[in-house]
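From first to last, the protein sequence lines are chains L and W. Just so you know, we're using my numbering here: the first sequence kicks off at 1 and counts up by one. Just so you know, we're using my numbering here: the second sequence kicks off at 260 and counts up by one. For glycine and all other residues, C-beta sits at the position ideal for the given N, C-alpha and C. Nothing here was measured: the structure is a model prediction, and the numbers come from that model. What follows is a short report on a single structure.
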Amino acid sequence: MTTTPTPRGTARTLAVTSGKGGVGKTFVTANLAAALAERGQKVLVLDADLGLANLDVVLNLYPKLTLHDVFTERCTLDDAILPAPGGFSVLLAGSGLVEYSRLTPDVREKLLHILDTVKPRYDWVLLDTGAGISDVVLYAISLAKDVMVVATPEPTSLTDAYATIKVLATQQDRRKIGLLINQANRAGEGKLICGQLQQVLERFIGASPEKGFQLNLLGEVKSDVSVRQAVLKRQLLLENFPGSDAAQAIKALATKLLG
Amino acid sequence: MQLLQQAGVALPDVDSHSALWIQGVIDALCDLSSKDALTGLANRRSFEMTLEREIDRVARSGEPALLLTLDIDHFKAVNDTHGHNAGDLVIQAVARAVAQVVRPMDTVARVGGEEFAIILPNCATAFALVVAERVREQVAEQRIEIAPGQLLRVTVSVGGAFAPQWVRSSAVLWMERADRQLYRAKTEGRDRVCMEPQVDSMVSAEEKGLLFAMTQLETE
Chain L
1 MTTTPTPRGT ARTLAVTSGK GGVGKTFVTA NLAAALAERG QKVLVLDADL GLANLDVVLN
61 LYPKLTLHDV FTERCTLDDA ILPAPGGFSV LLAGSGLVEY SRLTPDVREK LLHILDTVKP
121 RYDWVLLDTG AGISDVVLYA ISLAKDVMVV ATPEPTSLTD AYATIKVLAT QQDRRKIGLL
181 INQANRAGEG KLICGQLQQV LERFIGASPE KGFQLNLLGE VKSDVSVRQA VLKRQLLLEN
241 FPGSDAAQAI KALATKLLG
Chain W
260 MQLLQQAGVA LPDVDSHSAL WIQGVIDALC DLSSKDALTG LANRRSFEMT LEREIDRVAR
320 SGEPALLLTL DIDHFKAVND THGHNAGDLV IQAVARAVAQ VVRPMDTVAR VGGEEFAIIL
380 PNCATAFALV VAERVREQVA EQRIEIAPGQ LLRVTVSVGG AFAPQWVRSS AVLWMERADR
440 QLYRAKTEGR DRVCMEPQVD SMVSAEEKGL LFAMTQLETE
């Protein structure tokens, strides 16, 4: 199979965040990376959830070297970048990064440096950020050009997604924010929720399409038993149940992002 | 040379075209290109460069940095009533007053006709209002002699915003945010300070109400 080599200038950077934890942010990130890799893209997932990382758990990888070792200069960046199942690369935070869960100048400098170093080498760098809107999360998001907020239809998740979008729009001057609705109960729910969020944003912070603000629905992943099975087996949905509705939805997300 | 003479710059009293003399000319030209002729403050160009540098520094260090923008209230009336010379004297007096109350590390610039800006690196958020009020008071307390025996009092409106402590930002956006507060100070009656509120992540009951309006309708 031949793929046209993409001119390697600088990677597209996408931060995946969520507001509320436990909505499938890391699951989506890992499977999106696999879907992009399937399309011939060179992808790196950076576990930017310092302090409470769980990309290693999702991928069932227990590396000897992590971001922690890069930070403390016990290994080089190249040593810590590992191949993940699904044909992409990962830089895992690992545990024991509690000391970096505070945004010190040192952490800022190191994350910036890592991003600058990896950007020329990949087509995509996905940043799996922590949940919430702490300064570490906001900083990690700010390292990426684009941002995608993952939410489920649950009221608490929607409220937190709304708060995140509000902060990103007003404080980071984000004019384009992507939205992915995970665990949708029925088709079309994502569109409904996106419209609802747009209305509230327009009403309360004046963020409207007329003013150049866009909340784009990037995808909708319906509740799917195969997702639960893949998660419990700690394997990628795209590898285990490539034909499932959820896997198709993630592939559609990749297509949309590449589009 | 003519430019420097016009600006009243004294060149080193050494052989012309000696290394020292050339260095003197270069220094004088650098100075001339970065300073505002009327007030001696940083000019717009040098201000913008400092602002860019500060944005970058804040993203890396996380230290809070404050930007204040100031505008002399009813300045047009000063010019119209007392003439442009008086106007220039007022601008100079405001520049002096502002420069007196900031730290040596701060940058005070004249960024427009009667507009000034101050960049305050490493300024704790708790002190923002104190610093801005001190600037406003210092100007208001001055009596400016615009003609022998003729004293004038002017006020300024002040807007302030902190540099965002993350990567994604620009000098333009920072300036816009401070200017928005300055505009607010003007519309709220002038001679006052308005600071940008801190990051607001609270979701009000009203917001929640609208957010769930449709989902609730559906389940009913």
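**Prompt:** Between the C-alpha atoms of W/Glu-400 and W/Thr-340, what's the straight-line distance to the nearest angstrom?
**Reply:** The count along the second sequence starts at 1 and reaches residue 400 of chain W at position 141. The count along the second sequence starts at 1 and reaches residue 340 of chain W at position 81. Their Cα atoms are separated by approximately 21 Å.
**Prompt:** Are any of the Cβ atoms in chain W nearer than 8 Å to that of L/Leu-158?
**Reply:** In the first sequence, counting from the first residue as 1, residue 158 of chain L sits at position 158. At least one chain W Cβ lies under 8 Å of L/Leu-158.
**Message:** Measuring only the C-alpha atoms, how far is W/Trp-433 from W/Ser-416?
**Reply:** As a working mapping, residue 433 of chain W is identified with position 174 in the second sequence. As a working mapping, residue 416 of chain W is identified with position 157 in the second sequence. Straight-line Cα distance between these residues: approximately 18 Å.
**Beta bridge counterpart(s) of L/Asn-182 as assigned by DSSP** = In the first sequence, counting from the first residue as 1, residue 182 of chain L sits at position 182. Answer by DSSP bridge pairing, in chain order: L/Val-221.
**Prompt:** Touch check for the region 113-130 of chain L and the region 150-165 of chain L: three-plus C-beta pairs under 8 Å?
**Reply:** no
**Asked** What residues match up with W/Trp-211 in a beta bridge as DSSP calls it?
**Response** Residue 211 of chain W lies beyond the residue range present for chain W, which begins at 260 and ends at 479; the question has no answer from this structure.
**Asked** Are L/Val-58 and L/Arg-234 closer than 8 Å when you measure CB to CB?
**Response** Within the first sequence, the letter at position 58 stands for residue 58 of chain L. Within the first sequence, the letter at position 234 stands for residue 234 of chain L. In this structure, L/Arg-234 lies closer than 8 Å to L/Val-58 by Cβ.
**Prompt:** Counting Cβ pairs closer than 8 Å, one from the region 433-452 of chain W and one from the region 177-185 of chain L, do we hit at least three?
**Reply:** no
**Asked** From L/Ile-81, L/Gly-190, L/Gly-24 and L/Ala-246, pick the residue whose C-alpha is nearest to that of L/Leu-115; which is it?
**Response** Here residue 115 of chain L is taken as the residue at index 115 of the first sequence, counted from 1. The candidate whose alpha carbon is nearest that of L/Leu-115 is L/Ile-81.
**Prompt:** Name the residues in the region 410-434 of chain W whose C-beta lies less than 9 Å from a C-beta of chain L; which are they?
**Reply:** Pro-423, Gln-424, Trp-425, Val-426, Arg-427, Ser-428, Ser-429 and Leu-432
**Asked** Between which two residues does the beta strand (DSSP E) containing W/Gln-409 stretch?
**Response** Here residue 409 of chain W is taken as the residue at index 150 of the second sequence, counted from 1. Start and end: 409-411.
**Item:** Beta bridge counterpart(s) of W/Trp-425 as assigned by DSSP
**Value:** Taking the second sequence and counting its residues from 1, the one referred to as residue 425 of chain W is at position 166. Its beta-bridge partners do not exist; DSSP assigns none.
**Message:** For chain W, check one thing: does any of its Cβ atoms lie closer than 8 Å to the Cβ of L/Thr-135?
**Reply:** To locate residue 135 of chain L, count along the first sequence from 1; it is residue 135. Position check: residue 135 of chain L holds Asp in this sequence, whereas Thr was assumed. Closer than 8 Å: yes.
**Request:** Could you tell me whether the Cβ atoms of W/Val-398 and W/Val-357 are closer together than 8 Å?
**Result:** Position 139 of the second sequence, counted from the first residue, corresponds to residue 398 of chain W. Position 98 of the second sequence, counted from the first residue, corresponds to residue 357 of chain W. Yes, these two residues count as a Cβ contact at 8 Å.
**Message:** Please give the ranges of any beta strand (DSSP E) in the region 56-111 of chain L, keeping only runs that are unbroken, at least 3 residues long and fully inside the region.
**Reply:** 81-84 and 88-91
**Asked** Hey, how far is the Cα of L/Ala-34 from the Cα of L/Lys-222?
**Response** Here residue 34 of chain L corresponds to residue number 34 of the first sequence, with the count starting at 1. Here residue 222 of chain L corresponds to residue number 222 of the first sequence, with the count starting at 1. One C-alpha to the other measures close to 19 Å.
**Request:** Enumerate in chain order the residues of its own chain whose CB-to-CB distance from L/Leu-281 is below 7 Å, with the five nearest sequence positions on each side excluded.
**Result:** Examination of residue 281 of chain L is not possible in this model, given that chain L is present from 1 through 259 alone.
**Request:** Taking L/Thr-66 as the reference, give the member of L/Gly-40, L/Val-45, L/Ala-93 and L/Asp-78 with the closest Cα.
**Result:** Translated into positions along the first sequence, residue 66 of chain L becomes position 66. Selected option, being the one with the closest Cα: L/Ala-93.
**Message:** For W/Asp-438 and L/Leu-61, I'd like the C-alpha separation in whole angstroms.
**Reply:** Translated into positions along the second sequence, residue 438 of chain W becomes position 179. Translated into positions along the first sequence, residue 61 of chain L becomes position 61. Spanning the two alpha carbons is a distance of roughly 50 Å.
**Request:** Report the residue from L/Gly-259, L/Ser-244 and L/Glu-239 whose alpha carbon sits nearest the alpha carbon of L/Glu-38.
**Result:** Locating residue 38 of chain L in the first sequence gives position 38, counting from the first residue. Residue L/Glu-239 is the option with its Cα nearest to L/Glu-38.
**Prompt:** Which word fits L/Thr-2, buried or exposed, when buried means at least 16 other C-beta atoms lie within 10 angstroms of its C-beta?
**Reply:** Translated into positions along the first sequence, residue 2 of chain L becomes position 2. At L/Thr-2 the pLDDT is 42, less than 50, meaning the model places this residue with poor confidence and gives no usable figure here.
**Prompt:** Under a three-way DSSP split, which group does L/Gly-263 fall into?
**Reply:** There is no way to answer for residue 263 of chain L, as the model of chain L reaches only from 1 to 259.
**Asked** Can you tell me whether L/Thr-4 is buried or exposed, with buried defined as 16 or more other CB within 10 angstroms of its CB?
**Response** The residue given as residue 4 of chain L occupies position 4 in the first sequence. Because L/Thr-4 carries a pLDDT of 47, less than 50, the predicted location of this residue cannot be relied on, and the following value inherits that uncertainty. Exposed: under 16 other Cβ atoms inside 10 Å.
**Closest by C-alpha distance to W/Ala-324, when choosing among W/Ile-285, W/Arg-304 and W/Ala-383** = The residue given as residue 324 of chain W occupies position 65 in the second sequence. That would be W/Ala-383, whose Cα lies nearest to the Cα of W/Ala-324.
**Item:** Top-ranked residue by Cα proximity to W/Asp-332, from W/Leu-326, W/Gly-346 and W/Glu-322
**Value:** To locate residue 332 of chain W, count along the second sequence from 1; it is residue 73. The option with the nearest alpha carbon to W/Asp-332 is W/Gly-346.
**Prompt:** Given that W/Lys-467 touches chain L, what residues does it touch there, using C-beta distances under 7 Å?
**Reply:** What you label residue 467 of chain W is simply residue 208 of the second sequence in a count that begins at 1. Going along chain L in sequence order, the residues near W/Lys-467 (Cβ under 7 Å) are Thr-159.
**Item:** For L/Asp-47, the first and last residue of its enclosing beta strand (DSSP E)
**Value:** For this step, residue 47 of chain L is matched to residue 47 along the first sequence. Its beta strand (DSSP E) spans residues 43-48.
**Item:** CB contact check: L/Val-149 to chain W, cutoff 8 Å
**Value:** Numbered from its first residue, the first sequence carries residue 149 of chain L at position 149. No, its Cβ sits nowhere closer than 8 Å to a Cβ of chain W.
**Request:** Could you check if W/His-276 is buried or exposed, using at least 16 other CB atoms within 10 Å of its CB as the buried criterion?
**Result:** For the purposes of this step, residue 276 of chain W is taken as the residue at position 17 of the second sequence. Burial call: exposed.
**Asked** Taking buried to mean at least 16 other C-beta atoms within 10 Å of its own C-beta, is W/Gly-419 buried or exposed?
**Response** Along the second sequence, read from residue 1 onward, the residue named residue 419 of chain W stands at position 160. When all chains shown are included, W/Gly-419 counts as buried.
**Asked** If you follow the alpha helix (DSSP H) that W/Val-406 is part of, which residue opens it and which one closes it?
**Response** What you label residue 406 of chain W is simply residue 147 of the second sequence in a count that begins at 1. Here residue 406 of chain W turns out to be Ala, not Val, going by the sequence shown. No alpha helix (DSSP H) holds W/Ala-406; the beta strand (DSSP E) holding it covers 403-406.
**Request:** Consult DSSP for W/Asn-381 and reduce its assignment to one of helix, strand or coil.
**Result:** The residue given as residue 381 of chain W occupies position 122 in the second sequence. Correct three-state label for W/Asn-381: coil.
**Message:** Between L/Glu-220 and chain W, is any beta-carbon pair separated by less than 8 Å?
**Reply:** Along the first sequence, read from residue 1 onward, the residue named residue 220 of chain L stands at position 220. Chain W, which has no Cβ nearer than 8 Å to the Cβ of L/Glu-220, makes this no.
**Asked** Going by alpha carbons, who is nearest to W/Arg-369 out of W/Asp-274, W/Glu-465 and W/Phe-306?
**Response** On the second sequence, residue 369 of chain W is found 110 positions in, with the first residue counted as 1. Looking at the Cα atoms, W/Phe-306 is the closest of the given residues.
**Prompt:** Quick one: what's got a C-beta closer than 6 Å to W/Val-268's C-beta in the same chain, skipping five residues either side?
**Reply:** Taking the second sequence and counting its residues from 1, one reaches residue 268 of chain W at position 9. Correct list, in chain order: Ala-287.
**Asked** For W/Pro-456, does the count of other Cβ atoms within 10 angstroms reach 16, so buried, or fall short, so exposed?
**Response** Taking the first residue of the second sequence as position 1, residue 456 of chain W is located at position 197. W/Pro-456 should be labelled exposed.
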